[in-house]
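Report on the structure given below.
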Amino acid sequence: MPTPVGRLSVLYDADCPLCVHLRHWLLRQRQLVPLDLVPAGSQEARRRFPELDHTATLREITVVGDRGQVYRETSAWIVCLWALADHRAKAHWLATPAGQPFARVTVLAAAKWREALKGPDHEAGPSGAGAYGAGHCEDGRCEAPGPPG
488 MPTPVGRLSV LYDADCPLCV HLRHWLLRQR QLVPLDLVPA GSQEARRRFP ELDHTATLRE
548 ITVVGDRGQV YRETSAWIVC LWALADHRAK AHWLATPAGQ PFARVTVLAA AKWREALKGP
608 DHEAGPSGAG AYGAGHCEDG RCEAPGPPG
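First residue of the sequence shown: 488, per the working numbering; consecutive thereafter.
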């Protein structure tokens, strides 16, 4: 039986400190399914996935499977954990009726924290040109910004 997904692309907000932290955390984990971390709204994201609503991908985590599967919000977090060797069992539990409320609350808490960090007036541009300036993610590869000042 073929694997339902062989590779996942995680679209994350490169102007969000929490999102960048989680990107680095994902990259440090042992992956059972390879993860490509792509800045949401970047030229690379638009090239790879022209059919997606890229404005929406800046508001909510979106994961795209290599066979066209699209996961958003809570499902996206669960599939990211499923891709990791040390967290697959937890992902299976989070996908159950018993675990889904915990997954949902975690996603809502992360969204509130992200909103508080970015501020209500923060708007990212179509190439990730929000708080860190135009061109920060133009090539689709973003690094965490240095400390302010």
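Cβ atoms here follow ideal geometry from the backbone N, Cα and C, with glycine treated the same way.
Between Ala590 and Leu604, the C-beta spacing is not below 7 Å.
Asp502 sits away from Ala527, with the two beta carbons spaced by 7 Å or more. Membership of Val520 in any alpha helix (DSSP H) is not indicated, and neither H nor E is assigned to it by DSSP. Excluding the 5 residues flanking it on each side, His574 has same chain C-beta neighbours closer than 6 Å at Leu568, in chain order. The beta carbon of Gly493 sits closer than 6 Å to the beta carbons of Asp553 from its chain, once the five residues preceding and following it are set aside; these are given in chain order.
The beta carbon of Val557 is closer than 8 Å to those of Leu539, Thr549, Val550 and Val551 in its chain, skipping five residues each way along the sequence. Exposed is the label assigned to Ala596, since fewer than 16 other Cβ atoms lie within 10 Å of its Cβ. Around the C-beta of Trp564, 16 or more other C-beta atoms lie within 10 Å, and the residue is accordingly described as buried. Put simply, the backbone Cα of Val566 is about 10 Å away from that of Val520.
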